[in-house]
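A.B. asks:
Residue numbers (our numbering): 1037 to 1297.
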């Protein structure tokens, strides 16, 4: 006999891969797009801020997602423009001083418009605040920061819908960057956990769904993968970044006002 197994959406399947199977379990996926996914015990839509709500791939569970349309793809785009590789650019960024980062330009990561929380297909990417002294690494940092601020926009939208999140796993290509993981922890003010093999969470999740379809119990199949590292927020960095986050949000509103008038 042949077992025919039902599948699921890419992020819901990735959730199985990282063991996000209980209400409150959450992960960030940094791929072409950026997703903040959290398991819930009820259907909790929030269309006013473009928060997605769906059935989970496991029985009697739901999930919410904030989705930004360009995440790691922003970094790839910037590397193409400046003739470097992601590995080389991340190494340059890691050498920046705190002063360099505090004086970096701002980047709005809306290269494909934006979904959560703006639901604005006409939003566009913007670099703001460059001078003759701006370094390539500072612009690269601005890209990482801008994407991370976009993830934080999603976190705030989820909180406003009534869904608290205490910790996030990190998956996708962006999970390979320790610098980015720490930046996310500092901005989101919560622990960010990376797992061994976390960039392949979707494939592992699909395999786990096949095991469940073959009759194996959820508890035995959907364990959380081994933790590689936990990144904790630095309160001083968080305070500094929240000042920049306020400017990031103001830049979007200024651009929106300009486009509407």
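Where is the CB? At the ideal position from N, CA and C, for every residue including glycine. Source: prediction; values computed, not measured.
Span of the beta strand (DSSP E) holding residue 1062?
C.D. replies: Start and end: 1062 to 1066.
A.B. asks: Throw me the rounded Cβ distance for the residue 1125 and residue 1070 pair, which I believe falls under 8 Å.
C.D. replies: Not confirmed; about 18 Å, so no contact.
A.B. asks: Please list the terminal residues of the continuous alpha helix (DSSP H) segment that includes residue 1112.
C.D. replies: Unbroken alpha helix (DSSP H) run through residue 1112: 1108 to 1118.
A.B. asks: Could you please give the first and the last residue of the uninterrupted beta strand (DSSP E) stretch that includes residue 1099?
C.D. replies: Unbroken beta strand (DSSP E) run through residue 1099: 1098 to 1104.
A.B. asks: Given 8 Å as the limit, is there contact between the segment 1184 to 1195 and the segment 1215 to 1222, that is, 3 or more CB pairs closer than that?
C.D. replies: With the cut-off at 8 Å, the segment 1184 to 1195 and the segment 1215 to 1222 touch.
A.B. asks: Using a 10 Å radius around the Cβ and a threshold of 16 neighbouring Cβ atoms, would you call residue 1145 buried or exposed?
C.D. replies: Looking at its Cβ environment, which holds 16 or more other Cβ atoms inside 10 Å, residue 1145 is buried.
A.B. asks: What residue ranges within the segment 1221 to 1275 form continuous beta strand (DSSP E) runs of no fewer than 3 residues, ordered along the chain?
C.D. replies: 1228 to 1231, 1263 to 1267, all fully within the segment 1221 to 1275.
A.B. asks: Taking the CB atoms as reference points, tell me whether residue 1241 and residue 1108 lie closer together than 8 Å.
C.D. replies: Cβ atoms of residue 1241 and residue 1108: not closer than 8 Å.
A.B. asks: As an exercise, report each continuous beta strand (DSSP E) stretch of at least 3 residues that is fully enclosed by the segment 1179 to 1221, in chain order.
C.D. replies: With a minimum length of 3 residues, the continuous beta strand (DSSP E) runs that stay inside the segment 1179 to 1221 are 1204 to 1207.
A.B. asks: Measuring only the C-alpha atoms, how far is residue 1065 from residue 1129?
C.D. replies: Going by the C-alpha atoms only, they are around 21 Å apart.
A.B. asks: Nearest CA to the CA of residue 1189: which residue from 1288, 1296, 1059, 1089?
C.D. replies: Per the Cα distances, 1288.
A.B. asks: Do residue 1061 and residue 1238 come within 8 Å of each other at the CB atom, strictly closer than that value?
C.D. replies: Result no, Cβ atoms of residue 1238 and residue 1061 do not sit closer than 8 Å.
A.B. asks: Per DSSP, what kind of secondary structure is residue 1176 in: helix, strand or coil?
C.D. replies: Residue 1176 falls in the helix class under three-state DSSP.
A.B. asks: Should residue 1174 be labelled buried (16 or more other beta-carbon atoms within 10 Å of its own) or exposed?
C.D. replies: Residue 1174 should be labelled buried.
A.B. asks: Mapping the DSSP letters down to three states, classify residue 1156 as helix, strand or coil.
C.D. replies: Residue 1156: strand per DSSP, three-state reduction.
A.B. asks: Would you give the residue range spanned by the alpha helix (DSSP H) that residue 1056 belongs to?
C.D. replies: From DSSP, residue 1056 is part of no alpha helix (DSSP H); its letter is neither H nor E.
A.B. asks: Kindly indicate which three-state DSSP category residue 1171 falls into: helix, strand or coil?
C.D. replies: Reduced to three states, the DSSP call for residue 1171 is coil.
A.B. asks: Quick check on the burial criterion: 16 or more other C-beta atoms within 10 angstroms. Buried or exposed for residue 1117?
C.D. replies: That one is exposed.
A.B. asks: Indicate the three-state DSSP secondary structure (helix, strand or coil) for residue 1147 in the structure shown.
C.D. replies: Correct three-state label for residue 1147: strand.
A.B. asks: Whether or not the segment 1224 to 1235 and the segment 1259 to 1269 are in contact is what I'm after, with contact meaning three or more pairs of Cβ atoms, one per stretch, closer than 8 Å; do they touch?
C.D. replies: With the cut-off at 8 Å, the segment 1259 to 1269 and the segment 1224 to 1235 touch.
A.B. asks: Which two residues bound the contiguous beta strand (DSSP E) that contains residue 1075?
C.D. replies: Where residue 1075 is concerned, the enclosing beta strand (DSSP E) stretches over 1070 to 1076.
A.B. asks: For residue 1086, which of helix, strand or coil comes out of DSSP?
C.D. replies: Looking at residue 1086 - three-state DSSP - the assignment turns out to be coil, as it is neither helix nor strand.
A.B. asks: Taking DSSP's pairing of strands, which residues face residue 1162 in a bridge?
C.D. replies: For residue 1162, which the question treats as bridged, DSSP gives the partners 1144.
A.B. asks: What is the residue span of the alpha helix (DSSP H) that residue 1038 lies within?
C.D. replies: Neither: residue 1038 is in no alpha helix (DSSP H) and is coded neither H nor E.
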